[in-house]
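Numbered by my numbering, the letters in the sequence shown go through residues -12 to 385 in order.
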Amino acid sequence: MTGNYRILIMSWILMDLASEMPAPNFQYYVQDVLGGSGLALGLIGLAGFLGMAAVAFPGGYLADKYGRRWLITTMTFGLALSFLFFAFAPTWQFILLGITISGLCLIYQPALFAMAQDSLPPERRGIGSSIIQLIHSTFNTPGPIIAGFLLLQFGLELSMRIIYLIVTACYLAAAVWRLRLKESMKNTEPIHFSYFISSYPRAIRDSFSMWKTLPRSMFWLAISQILTMLGLSVFNVINAIYARDVLGIPQEQWWLVFIPLTITMIVASIPIGKAIDKFGRRIPLIMGVIVFDAGLALFLKGDLFIVATAMVLFGLGQLLFLAAITALTADLVSQEYRGKVNGFINFMSYVFMGFGMVLGNYLYIAFVPQLPFYTAMAITIPVFIVLLFLVREPAKRS
């Protein structure tokens, strides 16, 4: 594993220490403190994901043309500063602005994923992807606990504002650390900032035309990933509100369900990664979808303990699916196309997730509150069929 991989791991540690702190109480913060009733949660999700979608194509294209490092280092600073909108927001519309800016700064994501893939040999991609998931899970673990402590100590509003200041500081530290990265691409061109705008049409054309050269399995793998992200977004937008208002789980206890989730992901990351490298990618992908559905079924009518169990299943499903799909994507796609492939998949996933959040929020308030969960379960049916019959592993990994 290269020096770049170690630097990325360290930067993720710094970011993960804070990134999960806002998650348990974010929906309550928007609704109860900032006045975000009705479709506010869905609109915030839509704004964030459309911001990310807007830069996904040029992100992948620029990563392959000009290299990974400059994009990652520059935009990590912008991402860090965007959290100040969350910390000082007087109304939910400021969250809308902050999340749009943070989404635009995530133009570096295709470069980040591509650099991580560049840094791993083919026979180590499964375990390498799982180590990344392990890092995220391990250092995410204190976040919900700290959020719960601050909530009990300072109340909802002050605790969330403190949390977002902590997030800003940790992300700034990660941005400084990423200045150590070395470029992983050869024969890159000097960057011209005017190219951001002029390259957009060509980036879109190239991102679509490249599919003619890629294996058919990669196309179906992308479809399964996009649909899975859609399913996640439909119910994630209202899960905390549903737990409080429908299941009767007190707001002050909601953060507790995140603890077994992160512990499970810590324990399972390495074994799952080794299994993916040893036994292949497709079976873990299919198992991930099945486990995810089981978690949805439990969440629907659970108490605190059952919902915590459902969150554990969500974590296992995420590990199986994401580690396997990351490894299989790298197996199917050669290095010079990885940035574009990641950019294309990110774009489509973000668009579907953005509208999925609006859909989930609308289904929750306009019909029965269980409908977002049933919708998410229905979406996994075509995913299961695609993975079972249309996705194949390559005879030789790229």
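Ideal placement from N, C-alpha and C gives every residue a C-beta, glycine not left out.
The three-state reading of DSSP puts D193 in helix, counting H, G and I together.
Residue range G(-10) to S6 is occupied by the alpha helix (DSSP H) that includes M2.
Per DSSP, the unbroken alpha helix (DSSP H) holding G35 starts and ends at A27 to Y53. In the DSSP assignment, L91 falls within the alpha helix (DSSP H) that extends over W79 to C92.
Restricted to the stretch 298 to 355, the alpha helix (DSSP H) segments that are unbroken, complete and at least 4 residues in length are 322 to 353, listed in chain order. Only residues of its own chain outside the window of five on either side were considered, and among them L91 and I94 have a CB closer than 6 Å to the CB of V42, listed in chain order. Per the coordinates, the alpha-carbon of T61 lies some 27 Å from the alpha-carbon of M197. Spanning the alpha carbons of F100 and P45 requires a straight line of approximately 15 Å.
In terms of Cα proximity to I270, the closest of A284, L309 and F292 is L309. By the criterion of at least three beta-carbon pairs nearer than 8 Å, the stretch -7 to 7 is in contact with the stretch 153 to 169. As the crow flies, the alpha-carbon of T296 is around 43 Å from that of M172. Contact between the stretch 135 to 150 and the stretch 275 to 289 is absent: fewer than three C-beta pairs spanning the two stretches fall below 8 Å. When C-alpha distances from L71 are compared across I153, A34, A365 and M102, the shortest belongs to I153. Annotation for I213: M335, S336 and F339 place their beta carbon closer than 6 Å to its own, counting only its chain and skipping 5 residues before and after. Secondary structure note for N226: its alpha helix (DSSP H) is the uninterrupted segment N226 to D232. Of the candidates T87, G302 and D105, T87 places its Cα closest to the Cα of G35.
Here Y(-8) has S106 as same chain residues with Cβ atoms under 6 Å from its own Cβ, once five neighbours each way along the sequence are excluded. Taking the C-beta atoms as reference points, L28 is found nearer than 8 Å to Q14.
Rounded to the nearest whole angstrom, the CA to CA distance from A50 to P202 is 22 Å.
By the neighbour-count definition (other C-beta atoms within 10 Å, threshold 16), F75 is an exposed residue.
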